[in-house]
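Numbering (my numbering), first residue to last: 303 to 1019.
This report refers to the structure that appears directly beneath it.
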Amino acid sequence: MNPNLLSADAHDVSKNDKFRFGNMRRVVGFAWPYRKTLTIGLLATLVFASVHTVSIGAAFPIFSVLLESEGLDVWANRTIAEQRMETKFEPLDPDKDTKLLLRKVSKKSNLANREVKALAEITDPKGRSPAELLRWIASAPPGSTVKIDFQNAKNMAASERIEVALHDAEFSMKMLRWGSSLIPQNAQGDKLATLTALLVALVVTVLVGNIFRYMGEVLIARSVLRAMMDLRSQLYEHTLCLPMSFFAGRPTADLVTRFVQDIQEIQRGMLTLFGKFVREPMRAIFILAWAFALDWRITLAMCVVVPCAIVIFLVIGRSVKKANKSLLQAYGHMIGTLTTSLQSLRVVKAYTAESHEQKRLQAVDWRMFNQQLKLAKLQAFVSPLIETLAVVAGSFATVWLASRVLTHELTVAKFISLGFTLSVLFDPLRKLTDVYVRLKRSTAGAERIFQVLDQPIESNPDAGDQALPELTKSIEFKDVWYTYPNAERPALQNVSLSIKQGETVAIVGPNGCGKTTLVSLLPRFFDPDRGEILFDEADIRSADLRSLRRQISVVSQDAVVFAGTPTENIMYGSDAPDPALAEDAAKRASADEFIRGIPQGYSADLGERGTTLSGGQRQRLAIARAVFRNAPILIFDEATSQIDSESELKIQTALQEFAKGHTTIIIAHRLSTIQFADRIVVMQAGRVLDTGSHAELIERCSLYRTLCETQFGGELR
303 MNPNLLSADA HDVSKNDKFR FGNMRRVVGF AWPYRKTLTI GLLATLVFAS VHTVSIGAAF
363 PIFSVLLESE GLDVWANRTI AEQRMETKFE PLDPDKDTKL LLRKVSKKSN LANREVKALA
423 EITDPKGRSP AELLRWIASA PPGSTVKIDF QNAKNMAASE RIEVALHDAE FSMKMLRWGS
483 SLIPQNAQGD KLATLTALLV ALVVTVLVGN IFRYMGEVLI ARSVLRAMMD LRSQLYEHTL
543 CLPMSFFAGR PTADLVTRFV QDIQEIQRGM LTLFGKFVRE PMRAIFILAW AFALDWRITL
603 AMCVVVPCAI VIFLVIGRSV KKANKSLLQA YGHMIGTLTT SLQSLRVVKA YTAESHEQKR
663 LQAVDWRMFN QQLKLAKLQA FVSPLIETLA VVAGSFATVW LASRVLTHEL TVAKFISLGF
723 TLSVLFDPLR KLTDVYVRLK RSTAGAERIF QVLDQPIESN PDAGDQALPE LTKSIEFKDV
783 WYTYPNAERP ALQNVSLSIK QGETVAIVGP NGCGKTTLVS LLPRFFDPDR GEILFDEADI
843 RSADLRSLRR QISVVSQDAV VFAGTPTENI MYGSDAPDPA LAEDAAKRAS ADEFIRGIPQ
903 GYSADLGERG TTLSGGQRQR LAIARAVFRN APILIFDEAT SQIDSESELK IQTALQEFAK
963 GHTTIIIAHR LSTIQFADRI VVMQAGRVLD TGSHAELIER CSLYRTLCET QFGGELR
């Protein structure tokens, strides 16, 4: 369900498969208006990540209470005392041990200068117990000293009293002291009470963290969804302003896919970017910092899997992006196939082609299935591979940790806590694999979206667009040439034609001679390759498009009816809607009778594309729309081709009346429709062959005469 710059057309496919950071940066820019909400969400996510690490760090004191004899309070005091004296003490059992036993003395310690060696026994001259001595050392004010008696293991008979200066407690030690003071401790050191207090604190911490996580995810989602609304709105606005040449030969289904599938992929990527991409790395950083605090050597050794993971991300990500391109292309084909089949359902049923259409869709479905399966395989491959690397690294770490436990360099509680922390560390790292894959897919969608947004819109070559006043003299085509994109030959060749204001001109000719192309140039649906079109001697390419098109009403052979009521359809695009004038326009277009005949009349819901109306009714409704607009210039492109003879007669009468005072261009295949024209233009192979009245052309133009001779059945072919 994703993209790169790929359209259903091969020329749209991006040949550069690199990660397009610029496109993602542009997508992120759409979230800028919602930066306050987004920032609060990110801060809430950051709080969750830090609180989550605190809850993981709680495992160490819990294991210490359960597995070590000294208890949490004594462990905390011993840890702080070790930092302040730059020593290491053996774990203490408050109920049994009457002396402290040194395990290690730092070279920087004052004890080292006094030749105090490891395994020396320390007692308090004031008679305090080892637990009370550690508590006093941990809480002593900065600059304090402590007097102790010690005996070296090699000479137990000799005892010496020394005074040791205490270092100031580090910030982390102060926080440890503060945290341990929150846990209730009774005189007997009740481990169950301590454990209960720790678990209550853990529950509260997890609850607070998840509240912040909920807030963060909701606020981020709100910001991203609003940003995607803005992106979709801008894409739609831009698409509506693209020239008709952009749509020539381009499947509509591919454009629809960009609005739906591509933006959905970008949305998922943005939610991942501001959610997991912020949350999981922060979790990993906090947990990693805690792991380093527990044992930096083991943690550093575990980090060797990171380069391997990065290589995996890059290789898999490239394959994911390629698979997404093909998948989105298949989505475009599927939407196109479904749309064509459902809109042409009568033909499908009439030709009993249901099985053929089913096979056609199934072929597209198989293509989608193969790409989706490929994506599933790639995504399913990443996480297990990363987890396998983690297990291998974790196994080596476990052996190392166990060896240190056996040599009494590491306590059992610290061994379990470190193993637990490192195992939890791989959860955010594993989730980051999904982040990278999601961002690759999102990048591909961004490329497709910005391919459309970067297309030049309908504009004028000159900066100073002029508002065109109402036509007063004439419209003139001068040496006009036009070739459709990818066409082999021009649709119009050296066409010169002048139409006076208020004149009614009919254009006839065989199919494909350029009639519709010629009238499409007037509202600038296309611009000529060569030549110019003058509007009262002003080139329409230098005019403001809105001022030009507001002077033109167009009724095409394919009558377009929008979902809504007849009144809304007739007033479509009007800045001054007037239901009374809409009904009058319907009467003049011979549409009033059938509108009043349907349930709810002018307030009826006509459904998508006016499917509740017949072809002739849709045609008359479209003509009523043109009549309501009352533009100075009218273009009727075979507008009566689907209307019965009775309605045609009524419309022709209305047309003749309505054309008075208007500049009217009529393309028709019925002689009765064009006979009232002031002038008839005959076209052939993209050129103007002849112009004149009906009588003049019958006399001198063999092509026109041939067209009229085929009229007896009511058609000019």
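Here a beta-carbon is modelled for each residue, glycine too, at the ideal position from N, C-alpha and C.
CA nearest to the CA of residue i, picked from the options
{"i": "residue 353", "options": "424, 504, 962", "result": "504"}
{"i": "residue 932", "options": "961, 637, 844, 775", "result": "961"}
{"i": "residue 330", "options": "386, 897, 522", "result": "522"}
{"i": "residue 509", "options": "794, 660, 349", "result": "349"}
{"i": "residue 967", "options": "402, 856, 384", "result": "856"}
{"i": "residue 744", "options": "552, 375, 560", "result": "560"}
{"i": "residue 776", "options": "791, 804, 885", "result": "804"}
{"i": "residue 846", "options": "822, 895, 769", "result": "769"}
{"i": "residue 802", "options": "817, 836, 816", "result": "836"}
{"i": "residue 383", "options": "439, 541, 672, 786", "result": "439"}
{"i": "residue 483", "options": "553, 972, 379", "result": "379"}
{"i": "residue 1008", "options": "507, 971, 989", "result": "971"}
{"i": "residue 299", "options": "940, 993, 539, 938", "result": "Examination of residue 299 is not possible in this model, given that the chain is present from 303 through 1019 alone."}
{"i": "residue 868", "options": "860, 879, 516", "result": "879"}
{"i": "residue 571", "options": "893, 892, 746, 788", "result": "746"}
{"i": "residue 834", "options": "796, 996, 859, 991", "result": "796"}
Exposure of residue i, with buried meaning 16 or more beta-carbon neighbours within 10 Å
{"i": "residue 853", "result": "buried"}
{"i": "residue 758", "result": "exposed"}
{"i": "residue 1088", "result": "Nothing can be reported for residue 1088: it is not among the residues displayed for the chain, which extend from 303 to 1019."}
{"i": "residue 784", "result": "buried"}
{"i": "residue 429", "result": "exposed"}
{"i": "residue 425", "result": "buried"}
{"i": "residue 467", "result": "exposed"}
{"i": "residue 781", "result": "exposed"}
{"i": "residue 489", "result": "For residue 489, the predicted structure reports a pLDDT of 35, less than 50, and the residue's modelled location is therefore unreliable. The matter cannot be settled from this model."}
{"i": "residue 377", "result": "buried"}
{"i": "residue 577", "result": "buried"}
{"i": "residue 436", "result": "buried"}
{"i": "residue 336", "result": "buried"}
{"i": "residue 875", "result": "exposed"}
{"i": "residue 765", "result": "Since pLDDT at residue 765 reaches only 44, below the 50 mark, its modelled position is unreliable, and the value read off the structure follows with that caveat. That one is exposed."}
{"i": "residue 798", "result": "exposed"}
{"i": "residue 675", "result": "exposed"}
{"i": "residue 894", "result": "buried"}
{"i": "residue 678", "result": "exposed"}
{"i": "residue 788", "result": "exposed"}
{"i": "residue 902", "result": "exposed"}
Residue i: CB within 6 Å of a non-hydrogen atom of the ligand FMN
{"i": "residue 844", "result": "The model depicted lacks the ligand FMN and carries no ligand whatsoever."}
Helix, strand or coil at residue i [DSSP, three-state]
{"i": "residue 423", "result": "strand"}
{"i": "residue 994", "result": "strand"}
{"i": "residue 788", "result": "coil"}
{"i": "residue 763", "result": "Any answer about residue 763 is weak, because its pLDDT of 49 lies below 50 and its placement is not dependable; what the coordinates show is given next. Coil at residue 763, not helix or strand."}
{"i": "residue 781", "result": "strand"}
{"i": "residue 346", "result": "helix"}
{"i": "residue 795", "result": "strand"}
{"i": "residue 923", "result": "helix"}
{"i": "residue 981", "result": "strand"}
{"i": "residue 768", "result": "strand"}
{"i": "residue 914", "result": "coil"}
{"i": "residue 678", "result": "helix"}
{"i": "residue 467", "result": "strand"}
{"i": "residue 933", "result": "coil"}
{"i": "residue 316", "result": "Any reading at residue 316 must be qualified, since the residue scores a pLDDT of 39, below 50, and its modelled position is unreliable; the value itself is stated next. Note: residue 316 maps to coil in three-state DSSP."}
{"i": "residue 441", "result": "helix"}
{"i": "residue 808", "result": "strand"}
Residues that residue i bridges to, as DSSP identifies them
{"i": "residue 452", "result": "424, 462"}
{"i": "residue 989", "result": "986"}
{"i": "residue 776", "result": "802"}
{"i": "residue 404", "result": "391"}
{"i": "residue 939", "result": "969"}
{"i": "residue 819", "result": "Its beta-bridge partners do not exist; DSSP assigns none."}
Could you tell me which uninterrupted beta strand (DSSP E) segments, each at least 3 residues in length, are contained entirely in the segment 521-571, listed from first to last along the chain? None, since the segment 521-571 contains no complete beta strand (DSSP E) of that length.
Which ranges does the beta strand (DSSP E) cover as unbroken runs of at least 3 residues, wholly within the segment 827-899, from first to last along the chain? 832-837, 854-857
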